[in-house]
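Residue numbers (our numbering): 7 to 89. All C-beta atoms in this analysis are idealised placements derived from N, C-alpha and C, irrespective of residue type, glycine included. First up is the structure itself, then whatever we jot down about it.
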């Protein structure tokens with residue numbers, strides 16, 4: 007997937023991200039994003055939600071158990087891609 011998206015940080019600055027992957031777990035969708043301006047940056051894992059108009063919202067994952075599960079599934083997906 008070679009999609010590039012632009013998100014705003016907490017200061018209102020635009021940051022470009024490459025969408026590395028989207029995947030679902032139990033009817034919830036997630037996205038793995040990598041900032042383009044920082045080669046050494048960590049991958050962002052965000053929940054995909056939709057507003058009342060059906061527009062996509064990317065939301066941070068606050069629940070620790072959910073976040074651990076998302077990391078595990080994402081790592082499994084990456085391992086399968088390498089095989």
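Give the DSSP-derived three-state secondary structure of residue i in the structure shown.
i, result
"residue 75", "helix"
"residue 42", "coil"
"residue 24", "strand"
Taking just the CA atoms, how far does residue j sit from residue i?
i, j, result
"residue 7", "residue 36", "Reliability fails at residue 7, whose pLDDT of 45 lies under 50, so the model's placement of it is uncertain and the value that follows must be treated cautiously. C-alpha separation (whole angstroms): 14 Å."
"residue 10", "residue 63", "15 Å"
"residue 67", "residue 46", "22 Å"
"residue 19", "residue 86", "35 Å"
"residue 57", "residue 88", "35 Å"
Give the C-beta separation of residue i and residue j to the nearest angstrom, bearing in mind that I take them to be a contact with Cβ-Cβ under 8 Å.
i, j, result
"residue 75", "residue 31", "7 Å"
"residue 65", "residue 55", "5 Å"
Next on the checklist: For the structure I just gave you, are there three or more beta carbon pairs, one from the region 37-55 and one from the region 74-87, closer than 8 Å?
Outcome noted: Yes, the region 37-55 touches the region 74-87.
Checklist entry - When the Cβ atoms of the region 37-48 are set against those of the region 15-27, are three or more pairs found closer than 8 Å? => result Under the Cβ criterion (8 Å, minimum of three pairs), the region 37-48 counts as touching the region 15-27.
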